[in-house]
Amino acid sequence: MKVTEQAVIEALRPIQDPDLRRSIVDLAFVQNIVIAGGRVAFDLVLTTPACPVREQLQAACERAVAALPGVKEVAVALKAETRGAPLAGRKVLETVRNIVAIASGKGGVAKSTTAVNVAVALAQSGARVGLLDADIYGPSVPMMLEVEEEPKMSADGVIRPALALGLKVMSIGFFIPPGRAAILRGPMASGYVTQFLSNVEWGELDYLIVDYPPGTGDIQLTLSQQAAVTAAVICTTPQDISLIDVRKAIAMFETTKVPRLGVVETMSYFVCDGCGKQHALLGEGGGQRIAAEAGLPLLGQIPIDPRVVSGGDRGRPIVVEWPDAPAAEAYRSVAGAIAARLSTLHLDQDGALESFSLGWNA
Ligand SMILES: Nc1ncnc2c1ncn2[C@@H]1O[C@H](COP(=O)(O)OP(=O)(O)O)[C@@H](O)[C@H]1O
Ligand SMILES: [Mg+2]
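If you're matching positions, the sequence shown starts at 1 in the numbering used here and goes up one per residue.
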């Protein structure tokens, strides 16, 4: 029996993307169908290389087509074309599809660690990723990444970002030691951020991860106003009982109309080597509580692991150095959730964020 392109498409139509909740055919994921005798090959073009269900989708496609009469062999090539916000109208960073703020109410909640590991995890999945350290007063990104190439200033004043572990990276820490950065005046600090947005050769990026300074100051405003941040992720620890600072950070993004993707709870629990049980050392439920209160999903919980610290201190983030550790897995899962929710956000033509946050893992 002769296999037709139409038959292949109809076999694939019932398969839905679980995040976007639409048929993969309607989403135009199925491309370049080639049929040669009993052999069917096509591309499955996802909205992000970091799609958490890419293998499941691929397997579902293979099964559906293999069940057609006359089909002897199916080859599904996974590809990705990262969706992004419309770039027209943005004055800076015209070649960056998604700018993601990693923010928190206060310091010391593993914000930079999260930014670094999420950025590297996205790059590991095949995305083009940049990391901007906007924590001008407390830059820690250069220390946390093994730098392969230092940033360079060209003759015309354009800065080429540093290269590290597959990322393009920019931080004031490359130019001024951390102690000196702490004594910059407010306008100077914002000036550096402006420079990093408009004067750095970021090139084509799927994701630019921005490690925000803690809290809600000048720099954060500069970023929101000048960079057209696509969305924000809020970090908190389980013991943040007052949660006042976290609420302020979330409110800041509301005011500046930046969509909030969700909450990441860091240093959530300790997995005991001996018994494998989870122990909540720093209290429990902070992330879930703040997420519920803000009507946002909890994107993940990162366990406490000394290897997160030692990896960070040596420029080898845990997702690189110990990729099988539970904390590394948690970071990859958070990266996938961020990528998936960004895809959903771009698909949501009305910009109706309420429906967007309801649809997740419900
Ligand atoms: N999952 C974790 N387990 C153990 N220590 C962690 C974990 N995540 C972060 N840390 C440590 O907590 C400290 C603060 O993290 P950092 O990312 O610098 O916070 P922030 O950027 O919010 O100030 C660092 O010493 C870091 O190594
Ligand atoms: Mg930090």
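Ideal Cβ placement from N, Cα and C applies to all residues, glycine included. Keep in mind that this is a model prediction, so the values were computed, not measured.
Is the distance from the Cβ of residue i to the Cβ of residue j below 8 angstroms?
i, j, result
"C235", "A67", "no"
"A103", "L167", "no"
"A232", "L93", "no"
"D245", "G217", "no"
"T194", "T230", "no"
"A50", "A127", "yes"
"L299", "A337", "yes"
"G130", "G107", "no"
"D133", "I172", "yes"
"A28", "V319", "no"
"D206", "R314", "no"
"V3", "G70", "yes"
"I33", "E62", "no"
"S343", "D19", "yes"
"T237", "G285", "no"
"T48", "A340", "yes"
"L12", "V53", "no"
"Q347", "P259", "According to the sequence provided, residue 347 is Leu. The question's Gln does not apply to it. For L347 and P259, no; Cβs fall outside 8 angstroms."
"S23", "I35", "no"
Pick from the options: whose alpha carbon is nearest that of residue i?
i, options, result
"D135", "V147, A189, K91", "A189"
"K248", "N32, L163, I290", "I290"
"Q56", "D17, R22, T47", "D17"
"G311", "Q239, E146, Y192, R341", "E146"
"V30", "L342, E10, D19, A36", "E10"
"Q288", "G262, K277, C275, G276", "G262"
"D211", "K277, A119, A294, F253", "A119"
"M144", "A325, E150, G186, V116", "V116"
"D26", "E149, L44, S224", "L44"
"A327", "V264, L345, G286", "V264"
"P142", "K152, A162, S154", "A162"
"E329", "R341, H346, V308", "V308"
"L243", "L46, P14, G105", "G105"
"R185", "I219, K152, L208, G203", "I219"
"S366", "G191, Y192, P213", "The shown model of the chain, from 1 to 362, leaves out residue 366, and the question about it has no answer."
"K91", "P323, S224, R260", "S224"
"E254", "R21, Y331, W322, A294", "A294"
"E204", "R316, A335, T95", "T95"
"A335", "K152, I209, M1", "I209"
DSSP beta-bridge partners for residue i?
i, result
"N98", "Y207"
"C272", "Paired residue(s): none; C272 is not in a bridge."
"I304", "F270"
"C235", "S104, V264"
"E329", "Paired residues: none, contrary to the question."
"A121", "According to DSSP, which records beta bridges pairwise, A121 is partnered with nothing at all."
"A162", "V169"
"Q31", "D43"
"R83", "DSSP lists no partner for R83."
"V74", "V40"
"V200", "I159"
"K152", "R160"
"D17", "R22"
"G130", "K168, L208"
"Q278", "V271"
"L298", "V263"
Please determine whether the Cβ atom of residue i lies at a distance below 7 angstroms from any heavy atom of ligand 4.
i, result
"P178", "Looking at this structure, you won't find ligand 4 anywhere; what it does contain is ligand 1 and ligand 2."
Is the region 264–272 close to the region 286–304, with three or more CB pairs under 8 angstroms? The region 264–272 makes contact with the region 286–304: 3 or more CB pairs, one atom from each, lie closer than 8 angstroms.
Under 7 angstroms, CB to nearest heavy atom of ligand 2: contacting residues: Every residue whose beta carbon comes nearer than 7 angstroms to a heavy atom of ligand 2 appears here in chain order: G107, K111, S112, D135, G138, S140, D211.
Contact between the region 163–178 and the region 74–86 is defined here as three or more beta-carbon pairs at a separation below 8 angstroms; is this criterion met? These segments do not touch.
Check whether the region 112–119 touches the region 172–186, taking contact to mean three or more Cβ pairs, one atom from each stretch, closer than 8 angstroms. The region 112–119 makes no contact with the region 172–186, as fewer than three CB pairs between them are under 8 angstroms.
The region 38–58 / the region 69–81 touching (three or more Cβ pairs under 8 angstroms): Segments in contact, yes.
If we count Cβ pairs, one from each stretch, closer than 8 angstroms, do we get three or more for the region 151–166 versus the region 194–208? The region 151–166 makes contact with the region 194–208: 3 or more CB pairs, one atom from each, lie closer than 8 angstroms.
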